[in-house]
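Just below is one structure, and these are the notes that go with it.
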Amino acid sequence: MDKCREITIEPMVEGDIEESVKLINAAMNEDEADWARETFELYFKSRKQGIDSGREYYLWRDDGKIYGLVGLHRYVWGPGENVWLSWFAVHPERQKEGVGGLLLDSIKEKAVQKGYRKLFVETYSGDTFEKARSFYKGKGFSEVGRIENYLPDGSSMIVFGLNIG
Ligand SMILES: CC(C)(COP(=O)(O)OP(=O)(O)OC[C@H]1O[C@@H](n2cnc3c(N)ncnc32)[C@H](O)[C@@H]1OP(=O)(O)O)[C@@H](O)C(=O)NCCC(=O)NCCS
Numbered sequence: 006m007d008k009c010r011e012i013t014i015e016p017m018v019e020g021d022i023e024e025s026v027k028l029i030n031a032a033m034n035e036d037e038a039d040w041a042r043e044t045f046e047l048y049f050k051s052r053k054q055g056i057d058s059g060r061e062y063y064l065w066r067d068d069g070k071i072y073g074l075v076g077l078h079r080y081v082w083g084p085g086e087n088v089w090l091s092w093f094a095v096h097p098e099r100q101k102e103g104v105g106g107l108l109l110d111s112i113k114e115k116a117v118q119k120g121y122r123k124l125f126v127e128t129y130s131g132d133t134f135e136k137a138r139s140f141y142k143g144k145g146f147s148e149v150g151r152i153e154n155y156l157p158d159g160s161s162m163i164v165f166g167l168n169i170g
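The working numbering numbers the first residue of the sequence shown as 6 and each following residue consecutively.
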């Protein structure tokens, strides 16, 4: 990846759910994979019924295999300038090559094009998310909020924010 300075992301389709959930399982854990499956199923069910769930998901493939996943999620009732990063993961086989940074650049570009000005991400205090916390800080995000004892294991929710507009 050292030579590659950009990647092309493609919208997720319903047939990508299984492989995407496996990626989340490998990059995070089984609980997150279950929640990801529910989110993706809800997203595609809503779309089929013409309901805008405020979500969109993109994939990065190499040689036909999904190695990267990234999405945007806006609260349909929330301020129009705010958007959240959603289901962001790089397969462990391809981490630390710059893929995550390129995925973030691609999704930031989409977010700016859509008129969003503030990008937030919900992450957690546990070991699973240590790489993510260090990654976000390295990309200019700062901690803007925290909810103690948010996950069943007692982890806190940490919200990082970045101005993009
Ligand atoms: C967070 C995550 C998406 C980052 O993906 P990634 O592809 O490893 O990201 P990058 O390679 O762009 O950057 C990761 C680190 O590698 C370094 N790096 C980038 N290119 C590199 C290269 N060619 N060689 C060595 N290191 C490199 C970066 O400086 C960065 O360091 P930092 O974390 O200390 O800031 C990935 O770690 C992940 O999937 N984590 C588990 C899932 C998760 O927690 N997702 C977020 C939920 S909120």
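Cβ coordinates follow ideal geometry from the N, Cα and C atoms, glycine included. Since we're looking at a predicted model, the values are computed, not measured.
The shortest C-alpha to C-alpha distance from residue 124 to any of 138, 132 and 91 is the one to 91.
Inclusion of residue 139 in the 6 Å shell around ligand 1 follows from its C-beta lying nearer than that to a non-hydrogen atom of the ligand. Straight across, the Cα-Cα distance linking residue 163 with residue 67 is about 31 Å.
Ranked by how close their Cα comes to the Cα of residue 75, the residues 53, 96, 55 and 85 have 96 in first place. Under the DSSP definition of a beta bridge, residue 89 partners with 78 and 125.
Taking all protein chains in view, the Cβ of residue 82 is surrounded by fewer than 16 other Cβ atoms within 10 Å, so the residue is classified as exposed.
Taken in chain order, the unbroken stretches of alpha helix (DSSP H) that lie wholly in the stretch 12-89 and span 4 residues or more are 22-32 and 35-53. Straight across, the Cα-Cα distance linking residue 156 with residue 148 is about 18 Å.
The beta carbon of residue 93 sits closer than 6 Å to at least one heavy atom of ligand 1. Scanning its chain for C-beta atoms nearer than 8 Å, with the 5 sequence neighbours on each side dropped, one finds around residue 161 the residues 129, 130, 151, 152, 153, 154 and 155, in chain order.
Note on geometry: alpha-carbon atoms of residue 166 and residue 93 lie some 15 Å from one another.
Per DSSP, residue 147 is one residue of the beta strand (DSSP E) stretching across 147-152.
Residue 29 is not a Cβ neighbour of residue 111, given a cutoff of 7 Å.
The continuous alpha helix (DSSP H) containing residue 140 extends over residues 135-143.
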